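Chemist:
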Amino acid sequence: MFVDECDIDVCAGNGGHGCVSFRREKYVPRGGPDGGDGGDGGSVRLRVNPHLRTLSHLRHTPAFRGSVGGAGMGKKMYGARGADALVEVPPGTLVCDAETGEWIADAVSAGEEWLLARGGKGGKGNFHFRSSTRRAPRIAEPGTPGERRRLRLTLKLLADVGLVGLPNAGKSTLLARVSNARPKIAGYPFTTLAPVLGIAAVGEDSSLVFADLPGLIEGAHAGKGLGQRFLRHIERTRLLLILIEATDPRPEETHRLLRRELELWSPGLGSRESLICLTKADLLAEQERPCPGGIAGRVPLRISAATGEGIAELLGELDRRVRALERGAAPPGGPDAEAGSHFGERPWPADWRLPQRPGVLLSAGKREEQRGFVR
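Per the UniProt record's numbering, the very first residue in the sequence shown carries number 1; after that it's consecutive.
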């Protein structure tokens, strides 16, 4: 099952409690405080796994929890740090807070990691509370709770070439011809109900990733057909391959319709770099030449996925254009630049500070103020 959107709950582990303990040895019957600190709670992290293609594996694991930090012990021994929980996602996954809408991550590169929920801090043991007037403190800090969030994960497929066309334009047939992908092919509209990825070899040292998407119809941007559900996957493709049937009596009008739907869905998408291709050329008579004046001022390529006509030339042209785009900007379609400030390791809250007072250093923030010692 193709799953490209899901919600998950993440809960980092609480910090371990500090320990109240006093040194007791054979010849030291009344030693001072030696309680250790609690360990930090485990965080929840996200990692990009290039072997994953959808979010279907997360449907059966809707919650991820970091381990609780270990409690401190005597002899100033620190508690163990809690183990982190790991959420693995395919490349192209967007993560945002389901309640606030804040962008958390735009996970694109393989092996990339992001912090989703930070584990709680371990509490301090009574060793930290000793002073010249408090020789035997019997207090210790509890650990702070870990962060909890509900996140929405949205997948936008990463591909070099996105196949765009009306239903039954030959998109799936072309993908099956140039790659080992086996999408469903039939003679009725909307055979493709979910995006399909395929890798096409171009020469000995190059390859292209194709994304076969459900066909577009007029009004797809508003939800007609399967438009709204899968149009977002086109946003990540470097190059659009617009497929129009060679037997279409109005190819220019079909081209304008496809461009308009893309632009209405995402401004700028309709003007993205593209290549126009006429499919099912084998259905034309040899002397018949469709679109003698071209489409949108360009002469379209003519191919037949059934006979292989023009396939090699098409792959060569696509490879040349994609490599030229790779030397330019990164693939579009992610969160805006402002959202990037929320990515990666988030700093501690800005209200955590160290105010100055005569003769005393205080630690202030979410914790209760601790007086009379330096951390």
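Don't be surprised by glycine CBs; every beta carbon is placed ideally from N, CA and C. Note that the structure is predicted; figures quoted are calculated from it, not measured.
Could you compute how far the alpha carbon of ASP34 sits from the alpha carbon of GLY92?
Modeler: Cα to Cα, the separation comes out at about 50 Å.
Chemist: Report the partner residues of LEU115 according to the DSSP bridge assignment.
Modeler: BP columns for LEU115 point to ARG45.
Chemist: What are the boundary residues of the alpha helix (DSSP H) that includes ILE311?
Modeler: Its alpha helix (DSSP H) spans residues 311-326.
Chemist: Specify, as a first and last residue, the run of the alpha helix (DSSP H) that ARG256 falls within.
Modeler: Element bounds for ARG256: 251-265.
Chemist: How big is the Cα-Cα spacing for GLU141 and GLY122?
Modeler: If you take the alpha carbons of GLU141 and GLY122, they lie about 8 Å apart.
Chemist: In terms of alpha-carbon separation, which member of LEU318, ALA71, VAL178 and ALA201 lies closest to ARG238?
Modeler: The shortest C-alpha separation from ARG238 is found at LEU318.
Chemist: Which first and last residues belong to the beta strand (DSSP E) in which VAL164 is found?
Modeler: Per DSSP, VAL164 belongs to the beta strand (DSSP E) from 161-165.
Chemist: So the beta strand (DSSP E) SER207 belongs to, where does it begin and stop?
Modeler: 206-212 is the span of the beta strand (DSSP E), which, as asked, contains SER207.
Chemist: Given a cut-off of 8 Å, decide if LEU151 and ALA85 are closer than it, judged by their beta-carbon atoms.
Modeler: Result no, Cβ atoms of ALA85 and LEU151 do not sit closer than 8 Å.
Chemist: Measuring alpha carbon to alpha carbon, tell me which residue in ILE244, ARG321 and GLY32 is nearest SER304.
Modeler: The shortest C-alpha separation from SER304 is found at ILE244.
Chemist: Once the 5 residues before and after MET73 are set aside, which same chain residues still bring their CB inside 6 Å of it?
Modeler: For MET73, where only same-chain residues beyond five positions count, the Cβ hits under 6 Å are CYS19 and GLY36.
Chemist: Rank ALA159, SER131, GLY215 and THR154 by C-alpha distance to the C-alpha of ALA169 and give the top, closest one.
Modeler: It is GLY215 whose Cα lies nearest to the Cα of ALA169.
Chemist: Is DSSP giving ASP34 helix, strand or coil here?
Modeler: It is coil, neither helix nor strand.
Chemist: Using a Cβ-Cβ cut-off of 6 Å (strictly less than) and excluding sequence neighbours within five positions of GLY334, which residues of its own chain qualify?
Modeler: A caution first: GLY334 carries a pLDDT of 49, below 50, which makes its placement in the model too unreliable to give a value.
Chemist: If you follow the beta strand (DSSP E) that ARG138 is in, where does it begin and where does it stop?
Modeler: Unbroken run through ARG138: none, as it is neither H nor E.
Chemist: Under DSSP, the alpha helix (DSSP H) around LEU174 begins and ends at which residues?
Modeler: Where LEU174 is concerned, the enclosing alpha helix (DSSP H) stretches over 171-178.
Chemist: GLY119 and GLY270: beta carbons closer than 8 Å?
Modeler: It is not a contact, given that the beta carbons lie outside the stated cut-off.
Chemist: Which residues does DSSP list as the beta-bridge partners of ASP84?
Modeler: Note: ASP84 sits in no beta bridge, so no partner.
Chemist: Would you give the residue range spanned by the beta strand (DSSP E) that PHE64 belongs to?
Modeler: Run containing PHE64: 63-65, per the beta strand (DSSP E) assignment.
Chemist: If you measure between the beta carbons of GLY310 and ARG302, is that distance less than 8 Å?
Modeler: In this structure, ARG302 lies closer than 8 Å to GLY310 by Cβ.
Chemist: Within 10 angstroms of the Cβ of residue 379, are there 16 or more other Cβ atoms? Answer buried if so, exposed if not.
Modeler: The question about residue 379 has no answer, for the chain in this structure spans 1 to 375.
Chemist: Going by DSSP in three states, CYS11 sits in which element: helix, strand or coil?
Modeler: Of the three classes helix, strand and coil, the one that applies to CYS11 here is strand, per DSSP.
Chemist: So, at 6 Å on beta carbons, what are the nonlocal neighbours of SER67 in its own chain, with the 5 sequence-adjacent residues on each side left out?
Modeler: Same-chain partners within the cutoff: GLY13, GLY42, GLY82 and ALA83.
Chemist: Can you tell me which of the three DSSP states GLU235 falls into?
Modeler: Note: GLU235 maps to helix in three-state DSSP.
Chemist: Verify whether the separation of the beta carbon atoms of ALA200 and LEU157 is less than 8 Å.
Modeler: Cβ atoms of ALA200 and LEU157: not closer than 8 Å.
Chemist: For VAL87 versus VAL48, is the C-beta distance shorter than 8 Å?
Modeler: No, they are not a contact pair.
Chemist: Whose C-beta lies closer than 7 Å to the C-beta of ASP9 among residues of the same chain, with five residues either side of it excluded?
Modeler: Only PRO62, ALA63 and ARG150 meet the Cβ criterion.
Chemist: Can you give the beta carbon distance from ARG65 to CYS11, rounded, assuming they're within the 8 Å contact cut?
Modeler: Correct: roughly 5 Å between the Cβ atoms.
Chemist: Does the separation of the CB atoms of LEU258 and GLY165 fall below 8 Å?
Modeler: Yes, they are a contact pair.
Chemist: Quick one: residues in its chain with C-beta nearer than 7 Å to the C-beta of SER266, no 5 flanking neighbours on either side, listed in chain order?
Modeler: So the list reads GLU235, once near-sequence residues are dropped.
Chemist: Going by C-alpha to C-alpha distance, which of GLY125, ALA71 and TYR78 sits closest to ARG138?
Modeler: Nearest of GLY125, ALA71 and TYR78 to ARG138, Cα basis: GLY125.
Chemist: If you follow the beta strand (DSSP E) that ILE303 is in, where does it begin and where does it stop?
Modeler: Run containing ILE303: none; DSSP gives neither H nor E here.
Chemist: Relative to the C-alpha of residue 383, which candidate in ASP248, ILE276, GLU261 and VAL209 has its C-alpha closest?
Modeler: As shown, the chain starts at 1 and ends at 375. That puts residue 383 outside it, with no answer to give.
Chemist: Can you grab the Cα-Cα spacing for the pair HIS128 / LEU52, in whole Å?
Modeler: Roughly 48 Å separates the two Cα atoms.
Chemist: My guess is that GLY79 and GLY38 are in contact by the Cβ rule of under 8 Å, so how many angstroms apart are they, rounded?
Modeler: The Cβ separation is near 4 Å, so the contact holds.
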